[in-house]
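Structure first, commentary second.
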Amino acid sequence: MSKCWLLIKIFLKTNKEGFQQNKKKSKFKLNEKLMYLILIIAFLPLAFMIGDMVSNFYEGLEVINQQGMILGIGFAISSLLIFFFGIIYCINTMYFAKDVENILPLPFKPWEIVTAKFVTILIYEYLTEAIFMIPIVVVYGIKSGATVLYYLYSTIVFLTLPIVPLVISSIIVMLIMSFTGLAKNKDRFRKFGGIFGLLLIVFMNSYMQKISQNSLDPNKLNQMIMERNNGFVNIVTKLFPSTKFAAFSAINSDKLSGLLNLLIFLCISILSMFIFNIIAEKLYFKGAIGISETSSKRKKLSSKEFSKTTIKQSTLMSYTKKELRILFRTPIYFYNCILMNFLWPVFFIIPMAVNSGKELKQFSGLGKYLNDPSISGIVIAVAFSVIIFVSGSNGITSTAISREGKDIYVSKYIPVSFKTQIMAKILSGAIMGLVSEIMMLIIVGVVVKAPIKIIIIILLLSFLAIAYVNMLGILIDLYHPKLNWENEQQAVKQNLNALFEMVISWVSIGVLMFLVIKFELDLLYTILLIIGLFGIIDLILYVIISSKGVKRFSKLGE
Numbered sequence: 002m003s004k005c006w007l008l009i010k011i012f013l014k015t016n017k018e019g020f021q022q023n024k025k026k027s028k029f030k031l032n033e034k035l036m037y038l039i040l041i042i043a044f045l046p047l048a049f050m051i052g053d054m055v056s057n058f059y060e061g062l063e064v065i066n067q068q069g070m071i072l073g074i075g076f077a078i079s080s081l082l083i084f085f086f087g088i089i090y091c092i093n094t095m096y097f098a099k100d101v102e103n104i105l106p107l108p109f110k111p112w113e114i115v116t117a118k119f120v121t122i123l124i125y126e127y128l129t130e131a132i133f134m135i136p137i138v139v140v141y142g143i144k145s146g147a148t149v150l151y152y153l154y155s156t157i158v159f160l161t162l163p164i165v166p167l168v169i170s171s172i173i174v175m176l177i178m179s180f181t182g183l184a185k186n187k188d189r190f191r192k193f194g195g196i197f198g199l200l201l202i203v204f205m206n207s208y209m210q211k212i213s214q215n216s217l218d219p220n221k222l223n224q225m226i227m228e229r230n231n232g233f234v235n236i237v238t239k240l241f242p243s244t245k246f247a248a249f250s251a252i253n254s255d256k257l258s259g260l261l262n263l264l265i266f267l268c269i270s271i272l273s274m275f276i277f278n279i280i281a282e283k284l285y286f287k288g289a290i291g292i293s294e295t296s297s298k299r300k301k302l303s304s305k306e307f308s309k310t311t312i313k314q315s316t317l318m319s320y321t322k323k324e325l326r327i328l329f330r331t332p333i334y335f336y337n338c339i340l341m342n343f344l345w346p347v348f349f350i351i352p353m354a355v356n357s358g359k360e361l362k363q364f365s366g367l368g369k370y371l372n373d374p375s376i377s378g379i380v381i382a383v384a385f386s387v388i389i390f391v392s393g394s395n396g397i398t399s400t401a402i403s404r405e406g407k408d409i410y411v412s413k414y415i416p417v418s419f420k421t422q423i424m425a426k427i428l429s430g431a432i433m434g435l436v437s438e439i440m441m442l443i444i445v446g447v448v449v450k451a452p453i454k455i456i457i458i459i460l461l462l463s464f465l466a467i468a469y470v471n472m473l474g475i476l477i478d479l480y481h482p483k484l485n486w487e488n489e490q491q492a493v494k495q496n497l498n499a500l501f502e503m504v505i506s507w508v509s510i511g512v513l514m515f516l517v518i519k520f521e522l523d524l525l526y527t528i529l530l531i532i533g534l535f536g537i538i539d540l541i542l543y544v545i546i547s548s549k550g551v552k553r554f555s556k557l558g559e
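Positions 2 to 559 (the working numbering) are the ones given, in order, by the sequence shown.
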């Protein structure tokens, strides 16, 4: 265990230093404080909203003595989020981090390496868990007049709740990655393996929801209501059964049954870790060894084929293709920057398809309402806001300069102007944002049966939204680049620039929606507002990037 604790300290230190934008200690402290402040400001409104919802639900459920369902739902949702993000974190941390290559030759057992990685992921998952669980636990405790034991049990649950979903995520990842030895192109196999894992999560979630819906027999529901014993908790915790014991331990904290449920929950968590270590000992090295190896395909080209591959293109398009190739070929960039553009449509359509198409039929009737003059302005504003959010969430341009890392000096010697290099990075992000948007518009057109006129308007206005978030992202990264990193994960996952871009995007979305709703703008005036407001912003950003941005880029790496 001493070796395991040593590895945990090393990984935590490495991850903490990953947030450092430069090597000066004083600036690191400022950035760390700024990071926590921005995180609090960004998620504080969400926490208050969750707390307000819990308060309202508690008053309604208290009448039928089913208020415990709030904790069941809260713990279940937290577990689901941890499970989902755990897949991505486990792939990046356990396999794609560069420190893996340095750790494997050392005298550590597989379970020691994986356990240390697991604990590192667990600590950072507490941030995800805190956003949802703390408001729920605190508001429930206040409304129920809970005792000190309630908060003690809830704290223990908070610290141990992520273990089971993270164990499941890790085992799925290890199973997928253990087959990489059978693949000739390991990078490609890992990328498709990760995609398969994410799709598996969505299908599992949808399937479990379907099972839960089928179990909601009206007679059983009436019986649970009449029994008034928080029986709904059994239903909402079906996705992760261990959360049932966690919920009942907090609900019955003033009784002996609460202590028994807590002990059962802790035993399940400990047992899951034991099983995890056994599986890690068998599977981890199979996927981790040779992590940096790649395969090459050699093919003799004919003169005709060679001429096709050497067709002259514009410098801008050639450099844009180079940016996209790097994003697609590098597994960490692919997961964090490219895959995000395809996840939103998948999350929207798969749950509906799994549930026998019932939701599809319900949504198909919404199209006729989109032509209503009273709401058409809001519809366009909402669609425009969604495009800003989705395009800004991929982090392509907000990390474009940072991804150059210590090799930024290369950009000074290649025969491509600084402006062209910057515009190519913007264009690569814009292309992927446009791909994601077109996919969602196709789904909306087919599923919701939205009018063609609305879809065309959204498509045309989207160029302003996509240009806005991508120019904003590159400008932030130009003035606050993260060039000192040891592995690609630090360049994208531990980069504050993506967070800065998201916060500014949310503010702009809030301003747009406020103006449209406050002044009750119709379709025409909403379109004019978007064109006028974001057209001017895009023009200003372009001028700044073309002048000051280019000068800033020329000084980087000096």
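The C-beta atom is built at its ideal place from N, Cα and C for all residues, glycine as well.
Could you tell me if Arg330 is buried or exposed, where buried requires 16 or more neighbouring beta carbons within 10 angstroms of its beta carbon? By the Cβ neighbour-count rule, Arg330 is exposed, with fewer than 16 other Cβ atoms within 10 Å of its own.
Using the beta-carbon count (16 or more within 10 Å), is Ile9 buried or exposed? When all chains shown are included, Ile9 counts as buried.
Quick one: residues in its chain with C-beta nearer than 6 Å to the C-beta of Ala468, no 5 flanking neighbours on either side, listed in chain order? Answer for Ala468: Asp539, listed in chain order.
Tell me whether Asp478 is buried or exposed, calling it buried when 16 or more other Cβ atoms sit within 10 Å of its Cβ. Buried: at least 16 other Cβ atoms inside 10 Å.
Going by the beta-carbon positions, is the gap between Glu130 and Ile333 smaller than 9 Å? No, these two residues do not count as a Cβ contact at 9 Å.
CB-CB under 6 Å to Phe76, same chain, minus the five flanking residues each way: which ones, in chain order? Within the same chain, and ignoring the five residues on either side of Phe76 in sequence, the residues whose Cβ sits closer than 6 Å to its Cβ are Thr244, Ala247, Ala248.
Cutoff 7 Å; reference Gly536; Cβ partners in own chain excluding five residues on either side: Cβ-Cβ distances below 7 Å link Gly536 to Leu465 in the same chain, with the five nearest sequence neighbours on each side left out; the list follows chain order.
Counting pairs of Cβ atoms below 8 Å between the stretch 317-330 and the stretch 419-435, do you hit three or more? In this structure the stretch 317-330 lies against the stretch 419-435, because at least three pairs of beta carbons, one per stretch, are closer than 8 Å.
Could I get the ranges of all uninterrupted alpha helix (DSSP H) runs contained in the stretch 388-417, with 4 residues as the minimum, in chain order? Fully contained in the stretch 388-417 is no alpha helix (DSSP H) run of length 4 or more.
Which same chain residues end up closer than 7 Å to Phe159 when comparing Cβ atoms and leaving out the 5 residues on each side of it in sequence? Excluding sequence neighbours, Phe159 sits near Glu130, Met134.
Val383 versus Ile444 - alpha carbon distance: Here the alpha carbon of Val383 sits roughly 16 Å from the alpha carbon of Ile444.
Compare the C-alpha of Phe266 against each of Phe335, Val165, Ile339 and name the closest. Here the closest residue by C-alpha is Val165.
Tell me whether the beta-carbon of Thr170 lies closer than 9 Å to the beta-carbon of Phe84. For clarity, residue 170 is Ser in the given sequence; the question names Thr instead. By the CB criterion at 9 Å, Ser170 and Phe84 fall inside the cutoff.
For Met175, which residues from the same chain have a beta carbon less than 7 Å from its beta carbon, with the 5 sequence-adjacent residues on both sides left out? The beta carbon of Met175 is closer than 7 Å to those of Ile280, Ala281, Leu284, Tyr285, Gly288 in its chain, skipping five residues each way along the sequence.
Consult DSSP for Gly533 and reduce its assignment to one of helix, strand or coil. Note: Gly533 maps to helix in three-state DSSP.
Same chain only: Cβ atoms within 8 Å of Val493, ignoring 5 sequence neighbours per side: Cβ within range, chain order: Ile333, Tyr334, Asn337, Cys338, Gly396, Thr400, Ser403, Arg404, Ala499.
How far does the alpha helix (DSSP H) with Ser171 in it extend, from its first residue to its last? Counted as a single uninterrupted DSSP element, the alpha helix (DSSP H) harbouring Ser171 occupies residues 164-178.
If we define contact as Cβ-Cβ less than 9 Å, is Glu102 a contact residue for chain B? In the displayed structure, chain B is absent; only one protein chain is listed.
Taking a contact to mean a Cβ-Cβ separation below 9 Å, would you say Val64 touches Lys144 in this structure? Result no, Cβ atoms of Val64 and Lys144 do not sit closer than 9 Å.
Are the stretch 407-421 and the stretch 546-554 touching, with three or more C-beta to C-beta distances below 8 Å? A contact exists between the stretch 407-421 and the stretch 546-554.
For Met318, which option in Ile432, Pro242, Leu522 has the closest C-alpha, if you only look at C-alpha atoms? When only C-alpha atoms are compared, the closest one is Ile432.
Specify the secondary structure class of Pro452 as computed by DSSP and reduced to three states. The answer is coil: DSSP assigns Pro452 none of H, G, I, E or B.
Could you give the DSSP three-state label for Lys494: helix, strand or coil? Looking at Lys494 - three-state DSSP - the assignment turns out to be coil, as it is neither helix nor strand.
On the three-state DSSP scale, how would you describe Val158? Looking at Val158 - three-state DSSP - the assignment turns out to be helix.
Please report the straight-line C-alpha distance between Ser555 and Ile327, rounded to a whole angstrom. Straight-line Cα distance between these residues: approximately 22 Å.
Out of Met341, Pro242, Val168, Asn253, which one is the CA nearest neighbour of Ile271? For Ile271, the closest alpha carbon among the candidates Met341, Pro242, Val168, Asn253 is that of Val168.
Just to confirm the assignment, what range does the alpha helix (DSSP H) spanning Phe97 have? In the DSSP annotation of this structure, Phe97 is not part of any alpha helix (DSSP H), being labelled neither H nor E.
With distance defined between alpha-carbon atoms, name the residue in Lys407, Lys118, Leu263 nearest to Asn93. Looking only at Lys407, Lys118, Leu263, the smallest Cα-Cα distance to Asn93 is reached by Lys118.
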